[in-house]
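One structure below.
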Amino acid sequence: MRITMIGTGYVGLVSGTCFSDFGHEVICVDKDATKIARLEAGIMPIYEPGLDALVESNVRAGRLSFTTDLAPAVAAADVVFIAVGTPSRRGDGHADLSYVFAATREIAAAISGPTVVVTKSTVPVGTGDEVERIIREVAPNARAWAVSNPEFLREGAAIEDFKRPDRIVVGTDDEIARAMMGEVYRPLSLSQAPLLFTGRRTSELIKYAANAFLATKIGFINEMADLCEMVGADVKDVSRGIGLDNRIGSKFLHAGPGYGGSCFPKDTLALLKTAEDFQSPVRIVEAVVQANDARKRAMGRKVIKAMGGDARGATITLLGLTFKPNTDDMRDAPSLAIVQALQDAGAHVRAYDPEGMDQARALLPDVEFAADPYAAAEGADALVIATEWDAFRALDLQRIAMLLARPLLVDLRNIYPAAEVERAGLAYHGVGRPQ
Ligand code: UGA
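What follows is the structure in structure tokens.
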């Protein structure tokens, strides 16, 4: 199949590269000439484990190329994917679809033969209808089909998720479009991933329902964690104890400082807006969004409480700034709210993150950045683990205890057993665990 991917952001670049790795001929298009030039030189715009090597081998094999020239790339394609951004619109939280519709117009004007136009960007229910309308308006005689095919990739594990998905969802009622999408994903039939064909609106909703449900699981276990602290129970055991029930499932039950990133916060908000527009309330999701917003700042207060209630003049070190490990993404990271809360309380904040410091510098101008976890700990009054990078899982705790001015570890990701930390001479505070 000849595939053209519009947008070389996170989703477009990973998906395009993986499709080419399956043997399809892929052209990735982006308006940003610098980005395309860098990609051609093998420089990735994002940090994603394994992506640079995969891009390089497929470019070398002649199956993957990059261009800023949309029209010829679309004219040559059987299937065109739209993978442009859908940020939250400022003011009202609706997904901003202007990039999706602008791309659709350009695609429609360039279509030559029969073409499936697939929306991969996360878009509200009904967007596919508008994509189809635009194509009919701009190219009334084109043989083209508008299809929905949401992505379920996790940052940091995106290639694995693409190659071994739990399922693939394709939304279209058209038989020809279904057959062509079947061809696109045929290489995955070996992995036995179910290819689920649904209506287009259903497919669009599945994406939001999936993310909102996962966010709800996290919100639920975080509230259980708070309750655990009050009643003297251990949330890690609660997660295990409920997760072993297959109906619940063990994943996404790690208590922590709240979810962040470019997906859950934005998608839950967009779902609330859709529900509001259709006057069909989603009260559970509403509560999850509110609780998560409040939680991030509350984690700052938790640190201050662990320090005895006063952080004025203290130096507090954060290990991990990105919203999760294996990414350099700082979007809606809980660390941003935590740092703010600590600074508001009069603390000086120091931080270290393996990949996120370049992005963090712009967002956190008053934070002091350190070269490694030990330099970050030196002379500090508390050490806070905010993101569970592997590099923080086997710290030399005795050395940390010596370096800190006050031996206190606040582990917001519960990566250490309390006893091990205490043996090293540090006071330990986790999330939802007996203190
Ligand atoms: C999420 C979904 O997991 C993907 O399936 C989806 O495709 C993607 O959004 C998207 O819509 O594009 P992602 O945002 O990359 O992926 O990251 P997750 O691994 O889902 O983590 C999201 C947040 O939840 C992180 O801040 C993480 O720390 C937090 N989390 C996750 C928890 O606090 N506890 C958990 O048990 C799991």
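In the working numbering, the protein residues as written are 1355 to 1789. For every residue, glycine included, the Cβ atom is placed at its ideal position computed from N, Cα and C.
Inspect the beta-carbon positions of Val-1524 and Phe-1506 and report whether they are closer than 8 Å. no
So the beta strand (DSSP E) Ser-1419 belongs to, where does it begin and stop? 1418-1421
Tell me the start and end of each unbroken alpha helix (DSSP H) in the region 1366-1433 that is at least 4 residues and wholly inside, in chain order. 1387-1394, 1405-1414, 1424-1429
Stretch pair the region 1514-1522 + the region 1587-1603: three plus CB contacts closer than 8 Å: no
Proximity of Thr-1741 and Tyr-1401 at Cβ, strictly below 8 Å: no
CB contact flag (Ala-1755, Gly-1779, <8 Å): Going by C-beta atoms, Ala-1755 is nearer than 8 Å to Gly-1779.
With DSSP run on the structure shown, which of helix, strand or coil describes Tyr-1728? helix
Out of curiosity, what's the CA-to-CA distance linking Val-1383 and Arg-1490? 23 Å
What are the start and end residues of each continuous alpha helix (DSSP H) run of 4 or more residues lying completely inside the region 1448-1512, in chain order? 1452-1464, 1481-1492
Option in Lys-1678, Ala-1699, Gln-1713 with minimal Cα separation from Leu-1766: Lys-1678
For the beta strand (DSSP E) containing Ala-1736, name the first residue and the last one. Its beta strand (DSSP E) spans residues 1736-1739.
So for Tyr-1782, helix, strand or coil by DSSP? strand
Does the distance from the CB of Asp-1720 to the CB of Ala-1714 come in under 8 Å? no
Secondary structure at Gly-1733, three-state DSSP: helix, strand or coil? Taken through DSSP and simplified to helix, strand or coil, Gly-1733 comes out as coil.
Should the region 1626-1633 be regarded as contacting the region 1661-1673, the criterion being three or more beta carbon pairs within less than 8 Å? no
Is Thr-1421 near Lys-1385, with beta carbons less than 8 Å apart? no
Taking 8 Å as the threshold (C-beta atoms), are Val-1485 and Val-1433 in contact? No, these two residues do not count as a Cβ contact at 8 Å.
Could you have a look at Phe-1435 and say whether DSSP puts it in helix, strand or coil? Of the three classes helix, strand and coil, the one that applies to Phe-1435 here is strand, per DSSP.
For the region 1455-1466 against the region 1400-1414, are there 3 or more C-beta pairs whose distance is under 8 Å? Too few Cβ pairs lie closer than 8 Å, so no.
Are Ala-1725 and Ile-1658 touching if we call contact CB-CB under 8 Å? No Cβ-Cβ contact shorter than 8 Å links Ala-1725 with Ile-1658.
Specify, as a first and last residue, the run of the alpha helix (DSSP H) that Ile-1638 falls within. In the DSSP annotation of this structure, the continuous segment of the alpha helix (DSSP H) that includes Ile-1638 starts and ends at 1637-1660.
Check Gly-1595 in the structure and name its three-state DSSP category. helix
Three or more C-beta pairs below 8 Å linking the region 1522-1540 and the region 1607-1617: The region 1522-1540, when compared against the region 1607-1617, does not touch it at the 8 Å Cβ threshold.
Any chance the region 1492-1506 sits against the region 1571-1581, with 3 or more Cβ pairs inside 8 Å? no
Can you tell which of Val-1479, Glu-1509, Arg-1443, Gly-1370 has its C-alpha closest to the C-alpha of Met-1684? The candidate whose alpha carbon is nearest that of Met-1684 is Glu-1509.
By DSSP's criteria, Thr-1552 is part of a beta bridge. Which residues make up the other side? Looking at the DSSP assignment, Thr-1552 forms a beta bridge with Gly-1525.
Quick one: does the C-beta of Phe-1723 sit closer than 7 Å to a heavy atom of the ligand ATP? This structure lacks the ligand ATP; the ligands present are the ligand UGA.
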